[in-house]
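J.:
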Amino acid sequence: MLTALWILVFIGGSLALTYHRVPLFLATLAYLVFLIVYTVAGAGPDWLKLLFWALFLVIAVPVNVPAIRRAYVSKPLLDVFRRIMPEMSQTEADALESGSVWWDGELFSGRPNWQHLLNTPAPKLSAEEQAFLDNEVEELCGMLDEWKITHEWCDLPPEAWDYLKKKGFFAMIIPKRYGGREFSALANSEVLAKIATRSATCASIVAVPNSLGPAELLLRYGTEQQKDYYLPRLADGTDVPCFALTAPNAGSDAAAIKDSGVVCKGMWEGKEVVGMRLNWDKRYITLAPVATVLGLAFKLYDPEHLIGDTEAYGITCALIPPHLPGITIGRRHFPLNLPFQNGPTQGKDVFVPLDFIIGGTKMAGRGWRMLMECLGAGRAISLPSNTAGAARLGVYTTGAYARVRKQFHLPIARFDGVDEVLGRMGGMLYAMEAVRTMTAGAIDQGEAPAVCAAISKLHVTEMARQVGNDAMDVHGGKGIQLGPKNYLGRGYESIPIAITVEGANILTRNLMIYGQGAIRSHPYVLREMRAAADEDHARALRDFDDALFGHIGLALSNAARALWMALTYARFTRVHIATPTERYYQHINRFSAAFVLASDAAMLSLGGALKKREKLSARLGDMLSYMYIASAVLKRYEDQHRPEEDLPLVEWACRDALYRLQESMHAFLRNFPNRLVAGVLRVLIFPRGRMYSAPSDALGHEIAELISLPGPARIRLTRNTYTGDPASPVGLFKEALELATRLEPVERRIREAEKSGKLKVGHGAVPALAAEEAGVIDAQEARALIRLEELTAKIVAVDDFDPMELGTKPFRTQARA
Ligand SMILES: Cc1cc2nc3c(=O)[nH]c(=O)nc-3n(C[C@H](O)[C@H](O)[C@H](O)COP(=O)(O)OP(=O)(O)OC[C@H]3O[C@@H](n4cnc5c(N)ncnc54)[C@H](O)[C@@H]3O)c2cc1C
């Protein structure tokens, strides 16, 4: 019995030491003290004491002596590591090296430092940025009629193009010294999101010059001469840019482009110069049909060694005037009925001087790295903002629509099925906005968080897809019938575009998030890989040994932490934040340890093969993403000073993320090929089974009420939705929702009077007037009811057309002619 107690003390002590990540030397000392006390005063047979001492001498002593440890542990493991290390192409290495590690690094530590996150300043617009949003963006939205843009003109109206150029919408990232707006990433995002509540077409147009494109490439890598020439022209709209990377044979695998530039001599402005002969075939290029400066990615070759010893330089970026001989440009694609300018371009033997390369000849072959560095952070802005805007409009209108639209004599919001959908929409929009603003805020703090940006791109666009579907379902036929009265259809159509561009989502989920995260964000893996690749063998062994023992300590600690927090349902992990949401921080702590443990086990057991096992690595990426989403939600709640009314939204989003996280872990373990490892992991991670549930119906109901009734939570969640004129299809909702809410008790009174027989509404009679006549309601209430009916009729109305209005070349035009 006493022996068992000592063993328990030993196990408990070991668990505590590893849980608290006590340094190796101190832990060894603690074991030594334990052994001495146990030997002198402990119970149990002598052989057990001898066994403990033998274990101590064999394990603890060598690991504390670097020379022994390196020779007998690290060296053989370094050899194994070199064999299993995944092969990496230069393009993969460039992608990996670009950007910085931010909150993803903390989540990968198994013990996130919450102060680090919460001390990051709350994302906030400057007064100038807020004024731009309230004035210029508002005015622009007023010029945009999405139906005419998408159906009649197939373009923005000329005055909107002029306004965009004149007011610096294309120059949000260009510094003021070049005439740009020099806005923060947050402002860029807010502007796009607000435009997207009005016109998905215009939001796509504005996004491009402010994301990956000539301006950003010039700012980061351009020569002074190039910056001085192009940036003021881009800022004032003299030049409209596009950037052409994608080719028919190279989409997701853009590094595989065949487009080429061959260094040669040629004539330029009457003189012979060394330049490049370019050939390309690009497609899907946004703004290409109207561009006056074409950013081009191609592979540069120098077979005659006119610029150096290298023959094949690799991907290079240049700025090309699109009207040179040999260039074809101007034709348009038609991306899912959204007529933002997008089209192909080809170039045949186009000769340009070498100084057209962005950054000059010294940047030849550096194009891929340049693009990865720009996209690394930029991915967090364009598509997350545009889709968050579309979802915001979806929630703003659907919440109100469900309150005014009646079926079976009740607002459809009253039906459980609709209530469930509304709850999900509100919870998801809160999470989307949290992720979008937190990631933009990190960029404004000087980070280039590539993994966080990829998480934002993937999950915000995927949540938008869900919210878009939900909005359409609740609207029924009203969402489907296109026309000026339909405010949802075009935004809905735009979602697959957001899913596809700037890293198609399947690829982003399966390759990028965990692929980069496992190496970049993990505290030790990149250090181990760098050491393994180091040709200086002594330094390699020293660095590898350092990283390896740190890594082993981390893995042991995470095993202890995962198990302890699973057994205690994360109740005792300290987060040092006194907030109503404290428990969610604790649960993320638990999953952070479990996730890193699972991740280490997967890397160790599968090695380089994990790269090809996308279904497994994607699930690890999902776990990281859900922790990131929940963290963003918690931060938003703190940044907004814990508004009490928002608590259901915060809870819904956290519970949803934790539940999905748990299910991803379960699916990962269920499919892990090494069943023994999977079994051990399951014992450590889920010793009490799967304990997290999806958000409850009651919580969803609270959110459904929040978004379908006027109030501070609805206002905060849908702030910066363009509603326009009060008589416009979206503008009608404000008055209608207020009236519908205020009149609910009045309508109930009428229903009860009808049921009791006190009121009989004759065929063709106006119910409000009949109720007034019967004394059930007063005259003011009757007038309000009639007004609500008028508004509702306008809201539920859809468009119809003369058959000749639809179709660009209808048959009957010819027949009648
Ligand atoms: C409207 C629009 C605007 C665009 N604007 C521009 C622009 O301005 N400039 C520009 O250069 N390009 C632009 N693009 C191109 C865009 O970036 C590409 O469409 C995108 O990279 C995907 O390439 P793809 O369409 O050829 O699909 P593919 O690469 O053929 O991919 C098809 C599917 O396979 C998946 N997939 C591919 N590889 C993997 C993998 N290893 N693992 C898992 N899944 C994988 C993808 O996720 C995708 O779901 C635009 C595209 C569209 C549609």
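Per our numbering, the sequence shown runs over residues 1083 to 1899.
Cβ atoms here follow ideal geometry from the backbone N, Cα and C, with glycine treated the same way.
Nearest CA to the CA of Pro-1530: which residue from Met-1454, Ile-1601, Arg-1496 and Ala-1586?
T.: Residue identity differs from the one stated: residue 1530 is Ala in this sequence, not Pro. Closest by alpha carbon: Met-1454.
J.: Mapping the DSSP letters down to three states, classify Trp-1088 as helix, strand or coil.
T.: Three-state result, Trp-1088: helix.
J.: Say yes only if the C-beta of Ile-1588 is nearer than 6 Å to one or more non-hydrogen atoms of ligand 3, and no if none qualify.
T.: Of the ligands this structure carries, namely ligand 1, none is ligand 3.
J.: Using only alpha-carbon positions, find the residue among Asn-1640, Asp-1431 and Ala-1446 that is nearest to Asp-1391.
T.: When each option's Cα is compared against that of Asp-1391, the closest is Ala-1446.
J.: My assumption, with CB atoms under 8 Å, is that Ile-1231 sits in contact with Leu-1238. Please give the rounded CB distance.
T.: That belief holds up - the Cβ atoms of Ile-1231 and Leu-1238 are roughly 6 Å apart, short of 8 Å.
J.: Where Val-1266 and Leu-1246 are concerned, what is the direct C-alpha to C-alpha distance, given to the nearest angstrom?
T.: What sits at residue 1266 in the sequence shown is Ser, not Val. So the alpha carbons of these two residues sit roughly 18 Å apart.
J.: By how many angstroms is the C-alpha of Ser-1687 removed from the C-alpha of Val-1756?
T.: Residue identity differs from the one stated: residue 1756 is Asn in this sequence, not Val. So the two alpha carbons sit approximately 8 Å from each other.
J.: Do Pro-1730 and Leu-1791 count as a contact pair if the criterion is CB distance below 7 Å?
T.: Taking 7 Å as the Cβ cut-off, Leu-1791 and Pro-1730 do not qualify as a contacting pair.
J.: Pairing CB atoms from the region 1143 to 1157 with CB atoms from the region 1493 to 1511, are three or more of them under 8 Å?
T.: Contact fails: fewer than three Cβ-Cβ distances are below 8 Å.
J.: With the cut-off set at 7 Å, would you say Leu-1570 and Thr-1803 are in Cβ contact?
T.: Cβ distance not < 7 Å, so Leu-1570 and Thr-1803 don't count as in contact.
J.: Figure out for me which residue from Ala-1535, Ala-1641, Ser-1286 and Val-1375 has the closest Cα to the Cα of Ala-1472.
T.: The residue with the shortest Cα to Cα distance from Ala-1472 is Ser-1286.
J.: For Val-1678 versus Gly-1304, is the C-beta spacing smaller than 7 Å?
T.: Contact: no.
J.: Quick one: is Ile-1577 buried, meaning 16 or more other Cβ sit within 10 Å of its Cβ, or exposed?
T.: Ile-1577 is buried by the Cβ-count criterion.
J.: Check whether the region 1590 to 1604 and the region 1612 to 1630 touch, using three or more Cβ-Cβ pairs below 8 Å as the test.
T.: Verdict: no, contact absent.
J.: Tell me the DSSP bridge mates of Trp-1350?
T.: Answer is Lys-1353, bridged to Trp-1350.
J.: Could you tell me the distance, in whole angstroms, from the CA atom of Ile-1411 to the CA atom of Pro-1371?
T.: For Ile-1411 and Pro-1371, the distance between alpha carbons rounds to 6 Å.
J.: Touching or not, the region 1718 to 1735 and the region 1508 to 1517, by the rule of three or more beta carbon pairs under 8 Å?
T.: Contact holds: three or more Cβ-Cβ distances are below 8 Å.
J.: For a test of your reading of the model: does the CB of Arg-1579 fall under 6 Å from any non-hydrogen atom of ligand 1? Yes or no.
T.: Looking at the sequence itself, residue 1579 is Ile, so the reference to Arg does not match. Checking every heavy atom of ligand 1 against the Cβ of Ile-1579, one is found closer than 6 Å.
J.: For Gln-1308, count neighbouring C-beta atoms within 10 Å of its own C-beta (all shown protein chains included) and say buried if the count is 16 or more, exposed if not.
T.: It counts as buried.
J.: Would the beta-carbon of Leu-1117 fall within 7 Å of that of Phe-1092?
T.: No. Outside cutoff.
J.: Short check: CB of Gly-1481 to CB of Ile-1789, under 7 Å?
T.: Cβ atoms of Gly-1481 and Ile-1789: closer than 7 Å.
J.: Does ligand 1 have a heavy atom nearer than 6 Å to the CB of Ser-1467?
T.: No; taking the cut-off as 6 Å, the Cβ of Ser-1467 has no heavy atom of ligand 1 nearer than that.
J.: How big is the Cα-Cα spacing for Ala-1866 and Leu-1825?
T.: In a straight line, the C-alpha of Ala-1866 is about 8 Å away from that of Leu-1825.
J.: Using DSSP's beta-bridge definition, name the partner residues of Ala-1332.
T.: Answer is Ala-1329.
J.: If you draw a straight line from the C-alpha of Glu-1188 to the C-alpha of His-1669, how long is it?
T.: Computed Cα separation, rounded: 15 Å.
J.: Would you say the beta carbon of Gly-1333 is closer than 6 Å to some non-hydrogen atom of ligand 1?
T.: Yes, Cβ of Gly-1333 sits closer than 6 Å to a heavy atom of ligand 1.
J.: Can you find the residues in the same chain that come closer than 8 Å, C-beta to C-beta, to Glu-1393, ignoring five residues on each side of it along the sequence?
T.: Cβ neighbours of Glu-1393 beyond the five flanking positions: Tyr-1383, Asp-1384, Pro-1385 and His-1387.
J.: If contacts are defined as beta-carbon pairs under 8 Å, then Gly-1458 and Gly-1181 qualify, I think. What distance do you get, rounded to the angstrom?
T.: Indeed they touch by this definition, with Cβ atoms about 3 Å apart.
J.: Using a Cβ-Cβ cutoff of less than 6 Å, which residues in the same chain neighbour Ala-1899 once the five nearest sequence positions on both sides are dropped?
T.: Interpretation of Ala-1899 is limited by its pLDDT of 46, a score under 50 that renders its predicted location unreliable; the figure taken from the coordinates is listed afterwards. There are no such residues.
J.: Only counting the same chain, and skipping five residues up and downstream in sequence, which positions put a Cβ closer than 7 Å to that of Pro-1417?
T.: Only Asn-1424 and Ile-1579 meet the Cβ criterion.
J.: For Ala-1714 and Gly-1889, what's the separation of their Cα atoms in angstroms?
T.: Distance between the alpha carbons of Ala-1714 and Gly-1889 is about 46 Å.
J.: Is the region 1586 to 1601 in contact with the region 1307 to 1321, if contact means three or more CB pairs nearer than 8 Å?
T.: Touching, no, given that fewer than three Cβ pairs across the two stretches are closer than 8 Å.
J.: For Pro-1296, report the span of its alpha helix (DSSP H) as first-last.
T.: Pro-1296 -> alpha helix (DSSP H) spans 1296 to 1303.
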